[in-house]
Amino acid sequence: MSLTLDEARLRAGALSSLSYSLDLDLTGLDTFRSHTRVRFRSTEAETFLELKGALSVSTVVNGEAVEAAYDGGRVALTGLSTDEVNAVEVIATLPYTTDGDGMHTFTDPADGSRYVSAYLGMDNASKVFACFDQNDLKASFAVSVTADPADTVLANGAVVSRDAGRWVFAPTPPIPPALLVVAAGRWHSVRWSHEGLEFGWHARRSLAAELDRDAAELRRTTEACFAHYADLIDEPYPFDSYDQVFVPGLNWGAQEMPGCVTYRDELLPRGAITDTQRAIRAVIIAHEMSHMWFGDSMTMTWWEDTWLQESFADYMGYRVAEAGAGFADLRVEVEVRSKPWGYRSDARRSTHPVAPLATDVPDVDTAATIFDGISYAKGGACLVQLAFWLGDEEFMAGVNRHLTRFRFANATLDDFVESLAAGSSKDVRGWVDAWLRRPGFDTLTVRRSGDVPVLEREGSRPHAFTVAAYDSALRLVGRKRVELGAEPVRLPEFAGLVVVPNAGGETFAGLRLDPESWGSLSGGLSRIEDPLVRAVLWSSAALLVRSRDLSADDFLDLVEAHLPTETRPDIIEGVLSEARSVVIPHRVPAARAAGAVARVAAAAAAGLKASTDDDEQRALAWAAALAATSADAGLLRGWLDDDRIAAGVPVLPTTRWEAVVRLASLGEADARFIAAERDRDGTVEGDLGALRALAARPSTIAKEAAWEAMLAPDVDNRRFGALASGLWVAEQAHLLRPYVEAYLAEAPKLATRGQAFAQEVGRAFPRIALDPEQLDGLRAALADGVPTILRRSWEDHFDDRA
Ligand SMILES: [Zn+2]
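So the mapping is simple: the working numbering equals the position in the sequence shown, first residue as 1, plus 203.
Okay, structure coming up:
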């Protein structure tokens, strides 16, 4: 059972003055040894430490060895002093994991090197050491680690000493147990000093060439973001060093561990890195760096305030990567990728206020479900709106008051509102109530009174945004800031013109345009000069498909008509992702899926043709899409043989695997062919690509083998994900019928392995059209006992198809 809010409140009320010393021995091959010493004051004689899955436990309380009750999840502590400081020692033997929760091990097939890293967050700290695992029991941690003498060990604090395989790290400032990190292995490292601080980027030894390729840019981005935060934020950087590590098998995009950020190592791609990948990676770098203040120094008290960390980091990530590190027009990416995720999440039954009540998050398993499109995408968009509505100076002044008040402490929504309201004459509390305390989103509508556009709001929130006006040739004629509340806003100065509200993407709302404006725009979308307006319109079109105001065919018409001439790779990739992973599986019946995929392939072929000669970045985006959708086996085989798409356009390793998987799904790549590709690749990505391709083959034998492999008790998170992504092919719905049933029957059992694996099982949901009978099957399965995290995922999948 995960920790409950009530337990956390009681324990936070009883304990104080905590500090830990932690000694980890990672030299064992099958298990590791964890030795925790924790000192604390308590007003109660009894409490408990979390410790999950230990194989052996011995406990010493205030100098005396005790037979503490251990139930596999908690160590009961009794006879504590309520006057003196208590000293508790727990020595435990624990298993390694392969699912990205806890002490994760990975052996690199490229060179046999073994990596051992503690991936914590949520309530995984207790899979590594005994602790009071909650955000508001912060403590200083003094960490030492014994590892293979050939390994480098990275952790939150700076290295104090290193002797053979034993590493001692400087004690941290007060942080929650969940933010600890240890990463041991043959890291290839790039280190430097800057502004009196030690910095480093690290990656697996087999990714040394990739790290070296990108090292200059990674360093430049890190320093630029660091400098920009120094300008924006009054509090100095809170920790003693700043390492960033590309680690294997991480479940998150990255984790904001104080002084030592971890990134999933897919962010260091082989071959070339595209401009879109570079921009997204810079946003993640800036996102994680913002957490050093938003989350690591100022930490939420309980999980209802996840937004106080993730929404701010989402907002700051884009802002600082653009203004600080110089990646231009990142709001485009927000519109085509992030906000559609937010809208989709906000239209499901599982939606919740950006800032829910604490009682709506009764335990940590529930907390694991709110790291979602609301806490990131919508929350970030709300902060864009807040800064625009308040004015940036006032917004940042309030944010700084908050970060300074709660340095190395815990805070809540009320604290934040107090910090913000202290310097504002506006109704901040009213704004927070409308935007952060209520789920759902408004729709901005345009109607005509004569030929004068009139803006109205369906909903209840105050909005501030830009309206852009265009003539009949879609040339920009004017722009205007508008505040829209309950009263309609007439725009006589834009009479007779095409108008687009929210042209700067400032607010979070759907758009319903008047027929004149929509007619002109859907006929000439690619002619709009401003990419941000194009992105807003694409995102609105996707939302109209969701609400069934626009058919999937109409959306694919737009894709075929306008996307091939789109000049921005991020828009191309965002729209194609929406078409392939949302519109087709959710809105196209299985019998017509092949035709819909063929339409995407036709757009991709046209786009590739239009960009091959003059724009490598666009060509790479189109090639990846065509590799995944083309039915032309000869074309794809030609790419593999030549290892290039056209002169000057290489086949990137990820695109190569897309092509192999596609050939396999078409019945054009057998096991020998796939094995040869895997051997040619020789990396873990090659292993995963081959698993995916084998699973994609259109035969019952292949599907059965993939499904069996997914059920294996020791399957790791990456292999499970690769198998699922190969198994479900949009055009194979008939072949896959038995596996939809099998999935619904087996998934609840698989989802008991842990929070992250449960999420992986949820992501493995059939990525194909489901007929009414199959949806009934899902409804029936939901009526049975389904673990919290999987239930949330299934309800979301159901609602997306409703
Ligand atoms: Zn984050």
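C-beta atoms are modelled at their ideal positions from N, C-alpha and C, and glycine is treated no differently.
- In the three-state DSSP reduction, Thr569 falls in the helix class (H, G or I).
- Residue list for ligand 1: Glu459, His490, His494, Glu513 and Ala516 (CB closer than 6 Å to any heavy atom, chain order).
- If you check the CB distance, Val385 and Leu227 come in under 8 Å.
- Under the criterion of beta carbons closer than 8 Å, Ile971 and Ala936 qualify as touching, at roughly 5 Å.
- When only Cα atoms are considered, Arg982 and Pro792 end up about 19 Å apart.
- Buried is the label assigned to Gly810, since at least 16 other Cβ atoms lie within 10 Å of its Cβ.
- With a cutoff of 8 Å on beta-carbon distance, Ala671 and Glu686 are scored as not near each other.
- For Phe619 and Val564, the gap between their C-alpha atoms comes out near 19 Å.
- Cβ neighbours of Leu414 within its own chain (closer than 6 Å, five residues either side excluded): His391 and Ala406.
- If the five residues before and after Leu435 are omitted, its C-beta is found closer than 7 Å to the C-beta atoms of Met599, all from its own chain and listed in chain order.
- Of the candidates Leu930, Trp592, Leu639 and Glu536, Trp592 places its Cα closest to the Cα of Ser628.
- Annotation for Ala967: Ala927 place their beta carbon closer than 6 Å to its own, counting only its chain and skipping 5 residues before and after.
- Note that the stretch 734-751 touches the stretch 776-784; at least 3 beta-carbon pairs, one per stretch, sit closer than 8 Å.
- Unbroken alpha helix (DSSP H) stretches of 4 residues or longer found wholly inside the stretch 843-881: 856-868, given in chain order.
- Here Val393 has Trp404 and Ala418 as same chain residues with Cβ atoms under 6 Å from its own Cβ, once five neighbours each way along the sequence are excluded.
- In the DSSP assignment, Leu658 forms a beta bridge with Val649 and Val692.
- Within 10 angstroms of the beta-carbon of Ser364 lie fewer than 16 other beta-carbons, which makes it exposed.
- When only Cα atoms are considered, Ile577 and Gly462 end up about 27 Å apart.
- Sixteen is the threshold: since fewer than 16 other Cβ atoms of the shown chains lie within 10 Å of the Cβ of Glu398, the residue is exposed.
- With fewer than 16 other Cβ atoms inside 10 Å of its own Cβ, Gly722 counts as exposed.
- Secondary structure in the stretch 778-856: the alpha helix (DSSP H) runs of 4 residues or longer, each lying completely within the stretch, are 787-790, 796-814, 819-832 and 836-845 in chain order.
- If the five residues before and after Asp873 are omitted, its C-beta is found closer than 6 Å to no C-beta atom of its own chain.
- Rounded to whole angstroms, Trp506 and Ile487 show a C-alpha spacing of 22 Å.
- As for any alpha helix (DSSP H) of minimum length 4 sitting wholly inside the stretch 884-919, the runs are 887-899 and 903-914, ordered along the chain.
- Two segments are said to touch when three or more pairs of C-beta atoms, one from each, lie closer than 8 Å; by this definition the stretch 601-620 does not touch the stretch 645-661.
- In summary, Lys952 is exposed, with fewer than 16 beta-carbon neighbours lying within 10 Å of its beta-carbon over all protein chains present.
- Rounded to the nearest whole angstrom, the C-alpha separation of Tyr942 and Glu934 is 14 Å.
- According to the DSSP assignment, Trp455 belongs to no beta strand (DSSP E), since it is labelled neither H nor E.
- In this structure the stretch 497-504 does not touch the stretch 577-591; the number of beta carbon pairs closer than 8 Å is below three.
- When rounded, the separation of the alpha-carbon atoms in Ala908 and Asp816 is 43 Å.
- Proximity of the stretch 282-293 to the stretch 257-265 meets the contact definition, three or more beta-carbon pairs being nearer than 8 Å.
- Taking the C-beta atoms as reference points, Leu254 is found no nearer than 8 Å to Ala387.
- Taken through DSSP and simplified to helix, strand or coil, Glu267 comes out as strand.
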